[in-house]
Structures are given as structure tokens and as C-alpha cells.
Amino acid sequence: MLAKRIIPCLDVMNGRVVKGVSFINLRDAGDPVENAIFYDEEGADELVFLDITASYEKRKIILDVVERTARDCFMPLTVGGGIKTMQDIRDLLNAGCDKVSINTSAVYNPYFVKEAAERFGSQCIVIAIDAKRVTPEMSFEAIGDWADDEFLAEVLLDVNSLSDSKDEIKWAISTHGGRKIKPINALKWALKMEALGAGEILLTSMDRDGTKDGYDLELTRTISDAVNIPVIASGGAGSLEHLYEGFVIGNADAVLAASIFHYRVYSIKEAKEYLKSRGVIVRL
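Quick note on numbering: the numbering used here labels position 183 of the sequence shown as 190, and the sequence is numbered without any gaps.
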């Protein structure tokens, strides 16, 4: 059995690590490179670096920060935010990252994922799914102009029947750093992204993000059980018990956390020792 992974996440805005609740009310959490070096020395299994306003601001990711992070750290590095072209992916890989995380660009052109996986390999293509539980009053942004209407029909939420959907909980997905909600079924989207060649899913619950109330275990389990690629649980970790639940109840392959590590509530070592004591296989 493969060891479970503990992954700190660095959300970066204006060159600084930030953390908020449900993607808003952001507060400073330090320098990204200094944080990365700290986690590398702590024994984190991987690191996720997200330039959270790159897509919204329609700019490329901050390559210099990526280069400095990769130069000083030796754990696998996943980088996301503002990735729009094959050249963007090539630039990031050349800057030293191991995987790229794609969200917004996949929604506007799903076959971007297929092309990226074929060119660079599925092992370095991570699909970020920022999921939000659907409510009858929820408003959605237009998806955009997809050429493949059949593909769209297979993943689209039926917004006209949401008020009658009492038995099946659905999650929509968001883009642009959580600013736009799209009428796309998160479960169906995950399956499609796997079929197009994505090698991993970074699954964030927008409802739980920054709350410290624990992962959305139903969301995590639903996606994890449906796909055959690794799923990283994200959004809501506030205790070591939550990490354990993400693995055992959510069936995740890795758990991502920010606040509990950034503000030194727990160390990576403490997290791994706790998980090992509960029977979870981790790298110590």
C-alpha cells in the first residue's frame, strides 16, 4: 500500500502567502519561499503553490517565486494559477515544478487537459476542482462557448431541477479563484477530467475552506470512490483528527492543509506521528 501524503498549501497573492475563509477575508501568512523551505525541512511529502489571483487578474503566474521555491526545496512541487497555454506549463516545469494544477482553463477548454497530458504526461497534470454544494437559490455564471455540445451535456447540472433534488447531493465547480460558480456537476467533471488524461485531482470544498471544521467528507469520498486517480482532500482541516478522517472516511490519497501548518498549530512531524499511531501509513 502506498504511503499517504501530507501536503501544505501556499496560497500566494502579491508575492505573499495568504489564508482566508471560503476564499475571502485573506490575511498574511508570510513569505512563500521561507514557508516552502520550512516545510521542506519539516518533512512534508509535497508542496502545493497556488497563485490565487492569476486567473482572475488575467496574468501569468509569478515564475520568479516558483524558481526560488524550487531552487531551495527538494520535495515535489505542484504549481497552479493562471495556466492557459502549453508554453505556460513548459515554463513552470522549466522553473522547477513537478506538476501543474489546472482549473479555469480546463473549464473554458476541456481538451486543453488532454493536450497537456499527451505532451507532458499525465503524472504532471493535476486538475483542481473547487466544489461548492448546490442550493436552490444558487446563481451561476455562464460556462462559455464550448465547441463540444455533447461533452457539455454530459457534465452540466440541471439547474431547473435543483429545488427537487432531495436525494442526491450535488456539487458545482468554481473558477477564477472561487469567484465564479459554474453549472457543472463536480462528480461528472472529475470523471471527464480523468478520461482526458489528468493524473490527479486537487479537490477543495469551498464551503469548508478556512473554516477549520474538517473536510467535506461526503464530497471527498464521492469523488475518491468514483475515480481511479489520486485525490487530494482540501478545505477545512483544523485538527489532526480531520487529517485522519480525510484518509479513512474520505478515502483520499493525500490531505492538504494550510492554516494549521502556517500558524504552527501543528508540525508536519506531529501530524505524521499522530496518523501513524492511528494506523495510517505515512513516510516518517
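Where a beta carbon is used, it is the ideal one built from N, C-alpha and C, also for glycine.
Exercise. Could you give the residue range of the beta strand (DSSP E) that holds Val141?
Worked result: First-last for Val141: undefined, no H or E at that position.
Problem set entry | Inter-stretch contact (C-beta, 8 Å, three-pair minimum) for the stretch 126–134 and the stretch 156–166 | no
For this session: Note the first and the last residue of the continuous beta strand (DSSP E) segment covering Leu210.
Result: 207–212
For this session: Determine the direct distance from the alpha carbon of Ala244 to that of Leu291, and round the result to whole angstroms.
Result: 21 Å
Exercise. Hey, how far is the Cα of Ile191 from the Cα of Pro237?
Worked result: 21 Å
Exercise. Any idea what DSSP makes of Leu100, helix, strand or coil?
Worked result: helix
Exercise. For Arg228, which residues from the same chain have a beta carbon less than 6 Å from its beta carbon, with the 5 sequence-adjacent residues on both sides left out?
Worked result: Gly257, Asn258
Exercise. What is the DSSP secondary structure of Met82, reduced to helix, strand or coil?
Worked result: coil
For this session: Could you work out which residue in Thr218, Ile109, Asp232, Tyr118 is closest to Ile180 when comparing CA atoms only?
Result: Ile109
Exercise. Do you know how far the Cα of Phe254 is from the Cα of Asp220?
Worked result: 16 Å
For this session: Identify every run of the alpha helix (DSSP H) within the stretch 199–267, keeping only runs that are complete inside it and at least 4 residues long; order them along the chain.
Result: 224–233, 247–255
For this session: Report the option in Lys279, Glu225, Val289 whose CA atom is closest to the CA atom of Asp214.
Result: Glu225
Problem set entry | Leu57 versus Leu84: straight-line alpha-carbon distance, rounded | 11 Å
Exercise. So does the stretch 193–211 actually touch the stretch 117–128, counting three or more Cβ pairs closer than 8 Å?
Worked result: yes
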